[in-house]
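Sequence order for the protein chains is A, B and C.
Each residue of the first sequence is one higher than the one before, counting from 1 in the numbering used here.
Each residue of the second sequence is one higher than the one before, counting from 362 in the numbering used here.
Each residue of the third sequence is one higher than the one before, counting from 723 in the numbering used here.
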Amino acid sequence: MTARDAWDTDLGRERRPALTAEAVAHLVGGTLRGDGSVTVRAVAPLDRAGEGDLSFLAHARYASLFAQTAAGVVLVAPELAEAPGTPRCRIVVERPHEAMLRVLPALYPPPPRPTGIHPTAMLGRGVSLGRDVSIGAYTVIGEGAGLGDMVTIGSHGSIGPGVRVDAETWLADHVTLYPGAIVGRRVRLHAGVRAGCDGFGYVPDGGAGGEGAPHRKIPHVGRCVIEDDVEIGANSTIDRGSVDDTVIGAGTKIDNLVHVAHNVRIGRACLIMAQVGIAGSVHIGDGCILAGQVGVSGHHTVGAGATLAAQAGVFGDIPAGEVWSGYPARPHKEALRAHAALFKLAGLMRRLERLLERSDA
Amino acid sequence: MTARDAWDTDLGRERRPALTAEAVAHLVGGTLRGDGSVTVRAVAPLDRAGEGDLSFLAHARYASLFAQTAAGVVLVAPELAEAPGTPRCRIVVERPHEAMLRVLPALYPPPPRPTGIHPTAMLGRGVSLGRDVSIGAYTVIGEGAGLGDMVTIGSHGSIGPGVRVDAETWLADHVTLYPGAIVGRRVRLHAGVRAGCDGFGYVPDGGAGGEGAPHRKIPHVGRCVIEDDVEIGANSTIDRGSVDDTVIGAGTKIDNLVHVAHNVRIGRACLIMAQVGIAGSVHIGDGCILAGQVGVSGHHTVGAGATLAAQAGVFGDIPAGEVWSGYPARPHKEALRAHAALFKLAGLMRRLERLLERSDA
Amino acid sequence: MTARDAWDTDLGRERRPALTAEAVAHLVGGTLRGDGSVTVRAVAPLDRAGEGDLSFLAHARYASLFAQTAAGVVLVAPELAEAPGTPRCRIVVERPHEAMLRVLPALYPPPPRPTGIHPTAMLGRGVSLGRDVSIGAYTVIGEGAGLGDMVTIGSHGSIGPGVRVDAETWLADHVTLYPGAIVGRRVRLHAGVRAGCDGFGYVPDGGAGGEGAPHRKIPHVGRCVIEDDVEIGANSTIDRGSVDDTVIGAGTKIDNLVHVAHNVRIGRACLIMAQVGIAGSVHIGDGCILAGQVGVSGHHTVGAGATLAAQAGVFGDIPAGEVWSGYPARPHKEALRAHAALFKLAGLMRRLERLLERSDA
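What follows is the structure, given as structure tokens:
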């Protein structure tokens, strides 16, 4: 099977709401051209859209796809309003891609929450459940855990003893919450998230030290607190604190495969992209952006509103509001200038060496 | 227990086929020296091989292990044919390590497929099953999913509603396929793979912006398509598209802990090594190689046949067929030259500064 | 819910041992000031400690928290012994944070091991169990596996056929051990660990090669051996060997999201931090430290006692006992000097170019 053979797997399509082109034009504040009664039930890119689909044309380079698209309705940028094309209806609107995002909630209402506790779910002693909690097949809830109203937990979950999950939070399948983890309201944890794990902390186990000397584990008794409205991507890991807590601030969004070590505090409304690693006791202010594969070494502070470019390696404190990049990370402009100089240098090196020889002679 | 104590755990050995030294020599096109009737049932490195094992000697530095190996049969490079050693039989052959790989399928035929649907597997309404499907214990298959002929799913799987898995595909234990994911024929997904997850997409939630301003989630309604003959390593994550699709091209192999973001398209027969991160809407051509920990930032194109060296940080388009490396990535030769210049520069810096002072004076 | 609202989730507190301030002072070898009969049952940072908690004050910058802490007992550094503050009892001691770690085992004895085989655990034919083995809900143990005395396996585990797990080892929930994996004594594997997976090995499948040419999988028949006293963090992946073995040496500690490829050998008592990637056939000596996000490319050797700084990219052998950093990795001092020169160069570049022009003229 290839991508192209798979048209017919769009399950649930028939249950979704339909929108007329007219309704779409109204939603996005665009100008209708063509038959306003055409209906759409889904969105799709130009090249695989069918007659019941809404698509968009934002750049001239996709005009050839537009010319032959089977889409019923297409959102078109003003400068492309006259582009030759086949859709039965076009809607002229500024920034068609953003306009499309405004249509999505109407076409794709969130699926109905699953309901009830699956008979194979296991609840330990003293578990407290709010109203309308949903728990999937083969999920295990430990002793004394508490789940708030409308909490949804997928299949194969492992919710440790004493964990608290607050109202309206959604856990995908295969999530592990270690004992005592604390999760706020409207949080979303994706498949394979592990939260509240022991941090990576050892001390030399007496004796001489040196190669091969044993490491003794430090008990981890701090908490792992995930505040309201946080989302955490698949297979990310959030350690508990050692004595202090690990805290993910309200509204912060974390991508896949991110590592957050013990005692880290992340502020509110940060964006932490895939494969970022944050070492122990780092403090990150509100509204920071850490791009993919950034690493922050232990005990440093990232000031509020700072941005770290992809793959940056941070070995010191980052001032609030600044953009840093590179390895070791420096203010972004400085890093750019240094890299430009480096690549220029390579071309000048031979002349430079000759000059130094002459001048020394 | 250490590695050395664990000899006796080679379960299944007695059920494996035996090969005589003569048969091995025939298989690899080598020259037999010694008793051709010696039989082997397994392969092992020289230092832990026993009399029923086949081993190999490719480099002189392992000659001391060869001198005392207990292996019954050893593949030996021509230049080492006379090396003193204890095996009852040696087979002289070019490139003994590659020759060994040719013997493996004969000694280790794939284990018999498990058969049947485990009684604890749960199938939702309207699930369609091909011929000879195997489903492991505690696996949950969502409503309307379809599994092709000879599909094998391990234990603890979570296969969402509407997922399609085509014939002869193998899923290890603990795999999560989000709703609607599409998986081709003869695909192999290892333990902990998460495919079809929501991408990392948010827009500012109105208001002033600035630090701590809330992020609103963009619904993800595109597809996640994994084409035929793909293999994906343990704990890797593949997001679904936002409006467009995420597509892993036929025959592409992906290692462990790799992140593929929304709307990424990877061509055919690529090799994507461990911990690579590919940001949103990146397009990668056929036959590319991305070495370990490479990061590609969003919306860029990697041309067909390009190679990216380990840890490269890609912030632009990569031309087809070229080798790039470094941070920010540059053509590999240029990057090497720049690094050489940099380390030379460090030694020249003081002289250079003195020269500039004199010349300015 | 925010971190601050969550005081009351400290489950199990009432079952923990209490210590008097006098007993704490004795344990840490400190000097008691105040009421020695005050009891504590938990540790907490100054700002969220209550009257039954032990806290510590190690730096003057936390003196304002100390001034108003509700902690019953606080360990205080000698130079802060007179700091104004509210605790009923203070204990003056050198390095209060380390002293705190010595108190933890007394306040937080390891929770009692769960006991028994959960009725939903599934044991294959010929599984052998030592004394007092504990197996969690929905765990599946494959045919012929062997678990030693006092082994603890969490919920949702998947222990493949022929796996051996030695005495007193603890597996968290959601662990996957592929067939034949060998795990020593007192090992700790965290949630989502995958050990014994196939390595990433392919050969060109005949024909012309070039873009899009198919890759043929190399069977992996080597072992995955995890020696005694190893700990491996959440969602880390350890591949089996191809012909040779993958070995994690005794006492080595591995953090979250680490990748260890086929045929890697890691020595004893190493510390491998989060998101490190170790490519195929790398050998690492005893007592090495690899900081976060380090990558080591294939077939290289890291000598005993070497340290690699965070994000280092290793493309060659590392001598024993040395500290290397950077990309490509160089001896740390050399790398620091090179980076300093680079950032200086950026400021000198224009003058340097002018000088070269003049000198060429």
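Each residue gets a CB set at the ideal place from its N, CA and C atoms; glycine is no exception.
Just how far apart, CA to CA, sit L706/B and A320/A?
Roughly 33 Å between the two C-alpha positions.
Between the beta-carbon of A766/C and the beta-carbon of F788/C, is there less than 8 Å?
If you check the CB distance, A766/C and F788/C do not come in under 8 Å.
Please classify A740/C as buried or exposed, where buried requires at least 16 other C-beta atoms within 10 Å of its C-beta.
For A740/C, the number of other beta carbons within 10 angstroms of its own is below 16, and it is reported as exposed.
Looking at the structure shown, is M634/B part of a helix, part of a strand, or coil, going by DSSP?
Note: M634/B maps to coil in three-state DSSP.
Minimum Cβ-Cβ distance from Y138/A to chain B less than 8 Å
Yes, contact with chain B.
So, does the CB of P328/A fall closer than 8 Å to a CB anywhere in chain C?
Chain C, which has a Cβ nearer than 8 Å to the Cβ of P328/A, makes this yes.
Under the rule that 16 or more other beta-carbon atoms within 10 Å means buried, what is D369/B, buried or exposed?
Confidence in D369/B is poor, its pLDDT being 36 and thus under 50, which makes the residue's placement too unreliable to answer from.
Chain B within 8 Å of V43/A, Cβ atoms only:
Yes, its Cβ sits closer than 8 Å to a Cβ of chain B.
Would E211/A pass as a contact of D967/C if the rule is Cβ separation under 8 Å?
Going by C-beta atoms, E211/A is not nearer than 8 Å to D967/C.
Closest Cα partner of S1003/C within the set A1026/C, R962/C and L829/C:
The shortest C-alpha separation from S1003/C is found at R962/C.
Tell me the rounded alpha-carbon separation between A696/B and A702/B.
Distance from the CA of A696/B to the CA of A702/B, rounded to the nearest whole angstrom, comes to 10 Å.
How should D371/B be labelled, buried or exposed, when 16 other C-beta atoms within 10 angstroms of its C-beta is the threshold for buried?
Low confidence applies here, because D371/B scores a pLDDT of 49, under 50, leaving its location unreliable; read the following figure in that light. So D371/B ends up on the buried side.
Just checking my contact of V221/A with V247/A at CB under 8 Å: how many whole Å lie between their CB atoms?
Incorrect: roughly 15 Å between the Cβ atoms, too far for contact.
Using the C-alpha atoms, what's the distance from L468/B back to E412/B?
When rounded, the distance between both Cα atoms is 15 Å.
May I ask which residues mark the beginning and end of the beta strand (DSSP E) holding D173/A?
Note, D173/A: premise wrong, no beta strand (DSSP E); not H, not E.
Which residues mark the beginning and the end of the beta strand (DSSP E) in which L779/C is found?
For L779/C, the enclosing beta strand (DSSP E) begins and ends at D775 to L779.
Residues of the segment 797 to 810 of chain C in Cβ contact with chain A at a cutoff of 9 Å, in chain order, please.
Those residues of the segment 797 to 810 of chain C that come within reach of chain A (Cβ to Cβ, closer than 9 Å) do not exist; the list is empty.
Residues in the segment 143 to 160 of chain A with C-beta within 7 Å of chain C's C-beta atoms, listed in sequence order?
Taking 7 Å as the Cβ-Cβ cut-off against chain C, the residues of the segment 143 to 160 of chain A that qualify are G144, H156 and S158.
Can you name the residues of chain C whose CB is closer than 8 Å to the CB of H551/B?
Near H551/B (Cβ distances below 8 Å), the residues of chain C are R916, C919 and D920.
Could you give the uninterrupted runs of the alpha helix (DSSP H) lying entirely in the segment 378 to 445 of chain B, keeping only those of 4 residues or more?
Here the runs fully enclosed are 382 to 389 and 424 to 428.
Give, in chain order, every unbroken run of the alpha helix (DSSP H) that is at least 4 residues long and sits entirely within the segment 817 to 897 of chain C.
Within the segment 817 to 897 of chain C, complete alpha helix (DSSP H) segments of at least 4 residues are found at 818 to 829, given in chain order.
Please look up how many angstroms separate the CB atoms of R194/A and A956/C, rounded, as I've assumed it's under 8 Å.
Yes, they are in contact, since the Cβ atoms of R194/A and A956/C sit about 4 Å apart, within 8 Å.
Under three-state DSSP, which class holds D727/C?
With a pLDDT of only 36 at D727/C, under 50, the local geometry of the prediction cannot be trusted, and the value read off the model is given with reservation. DSSP places D727/C within a helical segment (H, G or I) once states are collapsed to three.
Whole-angstrom Cβ separation of G794/C and V762/C, contact assumed at under 8 Å?
G794/C to V762/C, Cβ: 5 Å. Contact.
Using only the alpha-carbon positions, how far apart do G515/B and A867/C sit?
Those two C-alpha atoms are separated by around 17 Å.
Supposed close pair V140/A, V151/A - CB separation, criterion 8 Å:
The beta-carbon separation of V140/A and V151/A, rounded to 15 Å, does not stay under the 8 Å limit for a contact.
Cβ of D255/A within 8 Å of any chain B Cβ:
Chain B contact via Cβ: present.
Tell me whether S1047/C sits in a helix, a strand or coil according to DSSP, three-state version.
In the structure shown, S1047/C falls within a strand segment according to DSSP collapsed to helix, strand and coil.
Flag E953/C as yes if its beta-carbon sits less than 8 Å from any beta-carbon of chain A, otherwise no.
With its beta carbon less than 8 Å from one in chain A, E953/C belongs to the interface.
Neighbour-count burial assignment, P448/B, 16 or more Cβ in a 10 Å radius
P448/B is buried by the Cβ-count criterion.
DSSP on R318/B, reduced to helix/strand/coil?
The first residue shown for chain B is 362 and the last is 722, placing residue 318/B beyond what the model contains.
Give the single residue among R847/C, A843/C, A889/C and I881/C whose Cα lies nearest to the Cα of R853/C.
Across the set R847/C, A843/C, A889/C and I881/C, the C-alpha of A889/C shows the shortest separation from the C-alpha of R853/C.
If you measure from the beta carbon of Y924/C to each beta carbon in chain B, is any gap under 8 Å?
Yes, Y924/C lies at the interface with chain B (some Cβ there is under 8 Å from its Cβ).
Cβ contact check for the segment 902 to 915 of chain C and the segment 585 to 594 of chain B: 3 or more pairs under 8 Å
No, they do not touch.
At 3 residues or longer, what runs of the beta strand (DSSP E) sit wholly inside the segment 898 to 939 of chain C?
Counting only runs of 3 or more, we get 916 to 919, 924 to 926 and 937 to 939.
Measure how close the beta-carbons of L393/B and A382/B come, nearest whole angstrom, since I'm counting them as under 8 Å.
About 6 Å separates the two Cβ atoms, so the contact holds.
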